[in-house]
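Undergrad:
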Amino acid sequence: MPRFGMICILLLCLLKARAQMSTVELEIKPVPQPVLRDSVVDQWNKSTRHYNTLSAEAQDILYWTNYSRRNPKRFWDSVVAPIIQQFPELKGIESASLKTDLYRTKPLPLFKLNEALIKTAQDHSDDMALHNAEPSHTSTNGQTFQDRMRTARIKYCANENLSLGSHHILISLVLLYLDIRLPELGHRKTLLNPNLTEIGVGYAIYSKDQFFMVQDMACSQN
């Protein structure tokens, strides 16, 4: 009997002060991915301060996020297209527009780790997982995303992507890019925003077969 994984994705829309949420169910299948790793992305990530403080899963999130930014067209060809072929239910207007967007987007600055954002992302992951809380940009103690950014002394633009998944980190990232049933495409616009150059990533086991993933991104704080 086929098993299904549920991935819940959210984005805080700062201008409208509300979150967007989408739920996608997929049959558990092998996730196709490039055979060879991108050595440039690996070298960049490993040379970034605080990289070794990340868990192996958070390092994986950072790798695929920067892989998508280094060459958006290649990301479509080597990652998104094979995944859509494996999971044809993902094919639709969102995948068509994503292909157009990725083919049109020039290489973007690779994200640099920000120690304060690492803490906010990991703390929020841990908080949601520890309390088995409903996915939200608001912490269980009532702190909003904006509160957390102020505490972290993030003075300039910032965004947050959340994913509750039971499948694979790469699937979660692709679903954030697809923004299925989310016409504003907030996650995609955040991931492809050239002004966002600093990041913190968090990962925590949410339940027996689910993980909670956080990407906190900001403009340069220098």
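Note that the sequence shown ends on residue 1296 in this note's numbering; no numbers are left out.
Note that beta-carbon positions come from the ideal geometry of N, C-alpha and C, so glycine has one too.
Predicted model only: the values in this text are computed from it and were never measured.
Between methionine 1075 and the rest of its own chain, which residues show a CB-CB distance below 6 Å, the 5 nearest in sequence each way excluded?
TA: With a pLDDT of 40 at methionine 1075, under the threshold of 50, the modelled position of this residue cannot be trusted; read the value that follows with caution. Excluding sequence neighbours, methionine 1075 sits near nothing in its chain.
Undergrad: Using the C-alpha atoms, what's the distance from glutamine 1117 back to arginine 1143?
TA: 15 Å
Undergrad: Relative to the C-alpha of threonine 1212, which residue among Glu1234, Leu1191 and Lys1193 is closest?
TA: Glu1234
Undergrad: Enumerate in chain order the residues of its own chain whose CB-to-CB distance from glutamine 1159 is below 8 Å, with the five nearest sequence positions on each side excluded.
TA: Cβ within range, chain order: Pro1106.
Undergrad: When the distance is taken between beta carbons, is histidine 1124 closer than 7 Å to glutamate 1168?
TA: In this structure, the beta-carbon distance from glutamate 1168 to histidine 1124 does not fall below 7 Å.
Undergrad: Quick one: residues in its chain with C-beta nearer than 7 Å to the C-beta of serine 1246, no 5 flanking neighbours on either side, listed in chain order?
TA: Ile1081, Ser1237, Gly1239 and Met1287
Undergrad: Suppose contacts are defined by Cβ-Cβ distances below 7 Å. Is alanine 1071 in contact with threonine 1271 by that definition?
TA: Since the first and last residues shown for the chain are 1075 and 1296, residue 1071 lies out of range.
Undergrad: Mark leucine 1204 as exposed unless 16 or more other C-beta atoms lie within 10 angstroms of its C-beta, in which case mark it buried.
TA: exposed
Undergrad: To the nearest angstrom, how far is it from the Cα of leucine 1191 to the Cα of isoleucine 1273?
TA: 6 Å
Undergrad: Fully enclosed by the stretch 1141 to 1228, which alpha helix (DSSP H) runs are 4 residues long or longer?
TA: 1146 to 1149, 1155 to 1160, 1167 to 1178, 1189 to 1204 and 1219 to 1225
Undergrad: Are any of the Cβ atoms in chain C nearer than 7 Å to that of serine 1294?
TA: The structure shown contains no chain C; it is built from a single protein chain.
Undergrad: Could you name each continuous alpha helix (DSSP H) segment of 4 residues or more that falls completely within the stretch 1223 to 1275, going from the start of the chain to the end?
TA: 1243 to 1252 and 1260 to 1265
Undergrad: State buried or exposed for asparagine 1145, treating a residue as buried only when at least 16 other CB atoms are found within 10 Å of its CB.
TA: Classification of asparagine 1145: buried, given that the 10 Å Cβ count is 16 or more.
Undergrad: Should tyrosine 1230 go down as buried or exposed, given a rule of 16 or more other Cβ atoms within 10 Å for buried?
TA: exposed
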